[in-house]
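*Asks:*
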Amino acid sequence: MGPAAASDDGAARAHATLDAQAGRLAHLVADLRKLAELETQPIEQEDVDVAQVVRDAVDDVLAQAQAAGRPRPAVTVSLPTVPWPLPHVRGDVDLLYLAVYNLLGNAVKFSPPGTPVEVRGSDEGGTVVVEVADSGPGVPDDEVGVVFDELARGRDARGTPGSGLGLALVRVIAERHGGRATLRSRVGHGTVVRLHLPADRP
2 MGPAAASDDG AARAHATLDA QAGRLAHLVA DLRKLAELET QPIEQEDVDV
52 AQVVRDAVDD VLAQAQAAGR PRPAVTVSLP TVPWPLPHVR GDVDLLYLAV
102 YNLLGNAVKF SPPGTPVEVR GSDEGGTVVV EVADSGPGVP DDEVGVVFDE
152 LARGRDARGT PGSGLGLALV RVIAERHGGR ATLRSRVGHG TVVRLHLPAD
202 RP
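Positions in the sequence shown are counted from 1; adding 1 to them yields our numbering.
1) For the beta strand (DSSP E) that contains A134, what are its first and last residues?
2) Which runs of the beta strand (DSSP E) at least 3 residues long sit entirely within the region 80–104? Give them in chain order.
3) What residue does the beta strand (DSSP E) around R187 start on, and which one ends it?
4) For the 8 Å Cβ check, are there 3 or more pairs between the region 109–120 and the region 169–186?
5) Can you tell me whether G146 is buried or exposed? The criterion is at least 16 other CB atoms within 10 Å of its CB, across all chains shown.
6) For A75, which of helix, strand or coil comes out of DSSP?
7) Keeping to the same chain, check which residues put their C-beta closer than 6 Å to that of H197; ignore five residues upstream and five downstream.
8) DSSP on V147, reduced to helix/strand/coil?
Shown next, in the form of structure tokens:
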């Protein structure tokens with residue numbers, strides 16, 4: 002390769018790096034704006050079928066992987082149907098979808114290809130729980146307490162694309178619905194994140 006070709010190749014790599022950085026910055030700004038709006042603006046109060054929200058999020062994550070030419074994630078879903086289905090909740094269906102989608106997207110992103118990701122729904126004494134379990138690297142004990150903070154990026158996540166706001170959005174969405182988000186993890190084994198939401202009882 003001559004000097005001119007090498008120079009062109011270096012310029013192309015530099016442009017690609019700048020484009021990637023600009024894309025990450027735009028994504029970060031959009032997520033920061035979304036987070037600020039979530040914390041201050043009123044949210045919709047409608048009947049939400051959480052089981053359907055979970056199914057929609059799973060379908061979209063699988064479709065996104067297929068469209069990107071990536072291997073199909075090994076996602077399994079377990080939602081109760083008998084003797085009664087998962088209760089509904091009151092809230093904003095789009096925000097709850099975003100929370101579940103973010104949890105599932107994180108789980109798929111950090112799990113090695115072909116390893117299981119499990120999505121489970123349950124009714125725990127009047128609380129609807131959506132649980133996403135992955136086979137990723139896990140979160141060190143000293144980082145578990147801050148993973149839901151804004152711009153938090155764990156050591157194992159710093160080489161992975163993302164704004165660091167995904168779990169912060171999940172936390173705020175849960176809190177705006179009167180719920181909470183929790184996380185358990187073991188380094189080298191994986192992570193379980195749970196979205197707890199008050200059930201809408203008739």
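Each residue gets a CB set at the ideal place from its N, CA and C atoms; glycine is no exception.
Computed from a predicted model, the values in this text were never measured in an experiment.
*Replies:* Checking against the coordinates, here is how it stands:
1) In the sequence shown, counting from the first residue as 1, residue 134 sits at position 133. Looking at the DSSP string, the run of the beta strand (DSSP E) that includes A134 is T128 to A134.
2) For the region 80–104, whole beta strand (DSSP E) runs of length 3 or above, ordered along the chain, are 90–92.
3) Here residue 187 is taken as the residue at index 186 of the sequence shown, counted from 1. Per DSSP, R187 belongs to the beta strand (DSSP E) from R181 to R187.
4) Below 8 Å, too few C-beta pairs join the region 109–120 and the region 169–186 to call them touching: fewer than three.
5) For the purposes of this step, residue 146 is identified with residue 145 of the sequence shown, where counting begins at 1. Under this definition G146 is an exposed residue.
6) Counting from one through the sequence shown, the residue named residue 75 turns up at place 74. If DSSP states are grouped into helix, strand and coil, A75 belongs with the strands.
7) Position 196 of the sequence shown, counting from 1, holds the residue named residue 197. Excluding positions up to five away in sequence, the list reads T128, V130, G180 and R181.
8) Your numbering for residue 147 matches position 146 in the sequence shown. For V147, the secondary structure class from DSSP, reduced to helix, strand or coil, is coil.
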